[in-house]
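Working notes, beginning with the structure itself.
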Amino acid sequence: MESLISKPLVLLLSAFILFGLGSGSGIWLAARYYRPLLDVSTGKLSTCTAARDNLKELATEQGLKLGELVLAGQQRQAVAEKAVSDAKASAQPDYAAANRLQQERTGGDQCAAATSIIDKELGL
62 MESLISKPLV LLLSAFILFG LGSGSGIWLA ARYYRPLLDV STGKLSTCTA
112 ARDNLKELAT EQGLKLGELV LAGQQRQAVA EKAVSDAKAS AQPDYAAANR
162 LQQERTGGDQ CAAATSIIDK ELGL
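Sequential numbering of the sequence shown, starting at 62, is according to my numbering.
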């Protein structure tokens, strides 16, 4: 009876050993085939990740510089508008004097009339 129990046990143990050897060799062959492909893919992934991070940083920097340019343009526009309004305000008396000169009528020599009007405006 002992040989009947041990024979199926031996067969079962042999089957497990053969199954383990087949599985182990299959895993080893698959790892040997796929490892170089995985290494190449990992290298490409790290290259793409570095390129993406670099582009992200450049885009952020470009956005900041663009914002600075917009603010500088707005400041220049405000300064220019103030300069125009100041120039208009300071030129207003000159425009008024020129209008008075054009409206005033004098007789005789035009050069002498212009000289006397200008002298009169300047207080001479």
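Idealized CB from N, CA, C, for every residue including glycine.
Close-in-space but distant-in-sequence residues of the same chain around residue i (CB under 6 Å, 5 per side omitted)
| i | result |
| --- | --- |
| Phe77 | none |
| Ala92 | none |
| Asp147 | none |
Three-way DSSP call (helix, strand, coil) for residue i in this model
| i | result |
| --- | --- |
| Gly104 | helix |
| Leu70 | helix |
| Gly134 | helix |
| Gly83 | helix |
| Gln184 | Rather than Gln, the amino acid found at residue 184 in this sequence is Gly. Three-state result, Gly184: coil. |
With 16 other Cβ atoms within 10 Å as the buried cut-off, status of residue i
| i | result |
| --- | --- |
| Met62 | Confidence at Met62 is low in this model, with a pLDDT of 47, below 50, so the placement of that residue is unreliable and no value is reported for it. |
If we count Cβ pairs, one from each stretch, closer than 8 Å, do we get three or more for the region 176-184 versus the region 148-164? Contact between the region 176-184 and the region 148-164 is present, because at least three Cβ pairs lie under 8 Å.
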